[in-house]
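Student: This is the structure I have questions about; it appears just below.
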Amino acid sequence: ETFDYIVIGAGAAGLVAADKLSETGKKVLLIERGGPSTAETGGNLVPPWAPGTNLTKFDVPGLFESMFSGQNTFWFCKDVNVFAGCLIGGGTSVNAALYWLPPDRDWGTISGWPSGWSATDLAPAQARLKARLPGTDAPSPDGVRYLDQVYTLVSRILGGSSYQGITINSSPNSKNKFYGHSTFTFIGGKRGGPVATYFRTSKARSNFKYVQYTYVNSLVRNGAQITGVKTNQTTWGSSGVINLSSTGRVVLAAGAHGTARILIRSGIGPSDQLAIVQSSTGAADLPPASQFLNLPVGQNVLDNPSINLVFTHASIDSYDNWEPIWDNPRPADAAQYLKNGTGVFATASPRINFWREYTGSDGVVRYIQGTSRPGACCFTTEETYDATKVFTITIYLSHGIKSRGRLGIDVNLQAKTLNQPWLRDAVDKAVIIQAITDILTDVKKISGIQIVQPPTGVSPADFVAGYDPSTMNSNHWMGSTKLGTDSGLSGGTSVVDPNTKVYGTNNLFVVDAGIFPGMPMGNPQGAIMQAAEHAVSRIVALGGTP
Ligand code: 6FA
Ligand code: ABL
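For the sequence shown, the working numbering gives the first residue as 47, with consecutive numbering after it.
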């Protein structure tokens with residue numbers, strides 16, 4: 047059996063790509079290393095308070111904060127040293143589902159994209175995405191916003207700097223001093239996202255097939271031509287190889303870390319990384335060294351640095367820091383959700399989001415995103431405070447960020463961060479310090495707010511300087527297979543061309559978070575799905591498949 051398209055990875059980008067490709071009638075295989083997530087994909091991990099229901103950990107939005115604990119967090123990839131979803135839906139099945147229709151600035155030269163990737167070029171992709179997945183800022187099906195004290199209080203704080211309240215996705219370009227209710231990909235009080243939309247329509251097509259628990263090790267190459275993919279599944283033949291048709295294509299969507307690793311294990315990447323594969327168990331799968339493509343895979347990596355500010359206020363219900371939600375939830379909230387799918391469990395933890403523009407001393411415009419939620423985690427303090435009244439404002443540096451890091455593999459072929467990407471640029475750091483200073487100034491205008499973090503007497507600059515870089519991670523990895531016109535084969539920074547085709551290959555494409563040259567304004571899943579929509583229209587327009 048051979049395929050016209052093999053899509054690797056059933057995450058944000060892969061589910062969109064597989065659906066759009068199968069819509070054309072071509073024979074499409076989607077390969078996912080993980081297993082089921084939500085009930086409709088066969089998942090059955092239900093909390094102890096919902097026995098006999100189909101309300102899995104991945105379906106119930108209010109269980110989001112429980113992703114970070116548990117004996118066996120199988121939903122996260124065990125061979126990637128940061129959080130990455132390894133199940134159907136990828137990151138979209140484990141994330142907080144925050145969802146932003148990207149502003150125009152996320153595309154075009156201002157964000158590092160070449161011609162063909164302007165906001166105008168991408169407008170049809172955004173319209174298609176919005177039609178399939180509109181998102182909601184009132185996820186409980188009864189329209190009521192529960193546990194909303196954080197929204198009320200933080201909107202008052204932001205009023206101190208004359209921010210305006212809006213419906214965020216009704217006005218994607220309003221990102222300088224605007225706030226609104228957090229907006230999510232939830233549908234009908236459950237996790238929706240690409241699994242409940244794009245994946246559902248692809249599964250209904252006879253020319254579409256998907257396999258799970260199938261790990262792609264490497265690509266089978268004959269020079270520039272990819273002829274198949276090598277998996278760990280011998281059901282496909284003793285070598286685990288799945289073949290492409292003679293005019294077929296491989297579309298990589300294994301995520302910023304996963305795609306980089308597959309390329310490197312296929313002889314495509316920086317020479318120091320290929321040397322690691324040559325002296326590892328993966329050596330046998332490499333093509334001859336004469337076919338290596340020395341591309342900057344894993345370079346130019348971005349993630350938002352994020353800093354948590356922690357406060358208390360008498361009006362706040364910290365929701366017990368979300369700790370009991372899995373096995374000892376507040377009985378009335380669990381009963382309400384079981385009864386009709388409404389209430390606190392119908393949404394994830396964030397309550398309000400806001401953005402503000404800053405021009406750095408280097409003249410570059412950068413944006414700050416804020417996300418606020420009841421509760422707080424992962425910090426220590428000398429202060430005495432009432433944990434039942436605590437809330438967090440997380441400050442992210444986003445669009446305009448200059449710092450870059452590097453990811454790749456280690457000797458065990460695990461995917462990992464090689465150089466951290468957070469606040470390496472001095473102006474990036476100055477901007478986030480300014481943003482924290484501004485928020486704290488506005489916080490102090492509201493009576494009764496106790497600042498728990500940063501601690502009393504510690505300036506924003508000292509707080510940022512002393513902040514453990516490993517806790518600045520935002521799980522928004524981008525850029526490891528950057529798209530652009532400056533081919534890495536000629537010393538440039540790009541791994542894929544404007545058609546998302548890997549330089550030096552005939553039929554290999556990347557459509558996931560790795561292609562982004564710059565950081566989107568908000569949490570990136572919306573931008574990633576929009577980019578995948580656009581990428582597929584370009585791939586299909588190339589013609590050439592049967
Ligand atoms: N993004 C948002 O926009 N809003 C959020 O609220 C948000 N929250 C989180 C969050 O809370 C967590 C804990 C994490 C980890 C991420 C969050 N993100 C959020 C980021 C967002 O989910 C990611 O940016 C987005 O999902 C990335 O999309 P990609 O398509 O680039 O990659 P995925 O990780 O979604 O999918 C890759 C798939 O490939 C996975 O299913 C993986 O199992 C599979 N795969 C990897 N290697 C493979 C291999 N060798 N063979 C077969 N399959 C493979
Ligand atoms: C995101 O986009 C981030 O990737 C997540 O890290 C973030 O969730 C969600 N959105 C919600 O804003 C946080 C949790 O709220 C914390 O409790 C957790 O410690 C942290 O993720 C871990 O990275």
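Note that the Cβ used here is the ideal one computed from N, Cα and C, for glycine as well.
Going by the beta-carbon positions, is the gap between S115 and K103 smaller than 9 Å?
Tutor: By 1-based counting over the sequence shown, the position of residue 115 is 69. By 1-based counting over the sequence shown, the position of residue 103 is 57. Not a contact, by the Cβ cut-off of 9 Å.
Student: Hey, is I30 close to the ligand 6FA, as in C-beta under 8 Å from one of its heavy atoms?
Tutor: Absent from the structure is residue 30, since the part of the chain shown begins at 47 and ends at 592.
Student: Could you check which residue in L144, V128, V548, L588 has the C-alpha nearest to that of P467?
Tutor: Translated into the one-based positions of the sequence shown, residue 467 becomes position 421. Answer by Cα proximity: V128.
Student: Looking at Y209: is its Cβ nearer than 9 Å to the Cβ of Y225?
Tutor: Here residue 209 is taken as the residue at index 163 of the sequence shown, counted from 1. Here residue 225 is taken as the residue at index 179 of the sequence shown, counted from 1. It is a contact, given that the beta carbons lie within the stated cut-off.
Student: Would you mind stating whether G60 and L76 have Cβ atoms separated by less than 9 Å?
Tutor: As a first step, residue 60 must be located in the sequence shown, where it is residue number 14. As a first step, residue 76 must be located in the sequence shown, where it is residue number 30. Contact: yes.
Student: Let me know the secondary structure DSSP gives I212 once reduced to three states.
Tutor: Numbered from its first residue, the sequence shown carries residue 212 at position 166. Three-state result, I212: coil.
Student: For a test of your reading of the model: does the CB of P570 fall under 8 Å from any non-hydrogen atom of the ligand 6FA? Yes or no.
Tutor: By one-based count along the sequence shown, residue 570 stands at place 524. Answer for P570: yes, Cβ within range of the ligand 6FA.
Student: Can you look up Y244 in the DSSP assignment and give me helix, strand or coil?
Tutor: Numbered from its first residue, the sequence shown carries residue 244 at position 198. Helix at Y244.
Student: Based on Cα-Cα distance, which residue from A381, R251, F562, D484 lies nearest to M450?
Tutor: The residue given as residue 450 occupies position 404 in the sequence shown. Per the sequence shown, residue 450 should be read as Arg rather than Met. For R450, the nearest C-alpha among the options comes from F562.
Student: Candidates Q496, Q271, A169, L453: which alpha carbon is nearest H359's?
Tutor: Translated into the one-based positions of the sequence shown, residue 359 becomes position 313. Ranking the options by Cα distance to H359, first place goes to Q496.
Student: How about P566 and D194: are their beta carbons less than 9 Å apart?
Tutor: The residue you call residue 566 lines up with position 520 of the sequence shown. The residue you call residue 194 lines up with position 148 of the sequence shown. No, these two residues do not count as a Cβ contact at 9 Å.
Student: Under a Cβ-count criterion, where at least 16 other Cβ atoms within 10 Å of its own Cβ denotes burial, should V296 be classed as buried or exposed?
Tutor: For this step, residue 296 is matched to residue 250 along the sequence shown. It counts as buried.
Student: Between T463 and the rest of its own chain, which residues show a CB-CB distance below 7 Å, the 5 nearest in sequence each way excluded?
Tutor: Working through the sequence shown from its first residue, we reach residue 463 at position 417. If we look at T463 and ignore the five residues flanking it on each side, its Cβ neighbours are N127, V128, G451, L453.
Student: Taking the beta carbon of K491 as the centre, do at least 16 other beta carbons fall within 10 Å, making it buried, or is it exposed?
Tutor: Counting from one through the sequence shown, the residue named residue 491 turns up at place 445. That one is exposed.
Student: Pull up the distance between the alpha-carbon of A392 and that of V106, whole angstroms please.
Tutor: To locate residue 392, count along the sequence shown from 1; it is residue 346. To locate residue 106, count along the sequence shown from 1; it is residue 60. Distance between the alpha carbons of A392 and V106 is about 7 Å.
Student: Quick one: what's P596 bridged to in DSSP?
Tutor: The requested residue 596 does not occur in the structure, where the chain is confined to residues 47 to 592.
Student: If we ignore side chains and look at the alpha-carbon of each, how far apart do V498 and S361 end up?
Tutor: Here residue 498 refers to the residue found at position 452 when the sequence shown is read from its first residue. Here residue 361 refers to the residue found at position 315 when the sequence shown is read from its first residue. Their Cα atoms are separated by approximately 16 Å.
Student: Would you say the beta carbon of N215 comes nearer than 8 Å to a heavy atom of the ligand 6FA?
Tutor: Here residue 215 refers to the residue found at position 169 of the sequence shown. No - the ligand 6FA has no heavy atom lying nearer than 8 Å to the Cβ of N215.
Student: Nearest by alpha-carbon distance to Y365: which of S285, A335, T434 is it?
Tutor: Indexing the sequence shown from 1 puts residue 365 at position 319. The shortest Cα separation from Y365 among S285, A335, T434 belongs to T434.
Student: From the DSSP secondary-structure annotation, give me the bridge partner or partners of N354.
Tutor: For the purposes of this step, residue 354 is identified with residue 308 of the sequence shown, where counting begins at 1. According to DSSP, N354 bridges with T440.
Student: Kindly confirm or deny that the segment 311-324 and the segment 393-405 touch, where touching means at least three C-beta pairs closer than 8 Å.
Tutor: No: the two stretches stay apart, fewer than three of their Cβ pairs being nearer than 8 Å.
Student: Drop a sphere of 10 angstroms on the beta-carbon of P506, count the other beta-carbons inside from all chains shown, and report buried for 16 or more, exposed for fewer.
Tutor: Along the sequence shown, read from residue 1 onward, the residue named residue 506 stands at position 460. Burial call: buried.
Student: Please look up how many angstroms separate the CB atoms of P240 and T305, rounded, as I've assumed it's under 8 Å.
Tutor: Position 194 of the sequence shown, counted from the first residue, corresponds to residue 240. Position 259 of the sequence shown, counted from the first residue, corresponds to residue 305. So it is not a contact: roughly 17 Å between Cβ atoms.
Student: How about N263 and G344: are their beta carbons less than 9 Å apart?
Tutor: Position 217 of the sequence shown holds residue 263. Position 298 of the sequence shown holds residue 344. No; because the gap between Cβ atoms is not below 9 Å, this pair is not in contact.
Student: Let me make sure I understand the geometry here. Which of S201, R251, C123 has the alpha-carbon closest to that of E69?
Tutor: On the sequence shown, residue 69 is found 23 positions in, with the first residue counted as 1. It is R251 whose Cα lies nearest to the Cα of E69.
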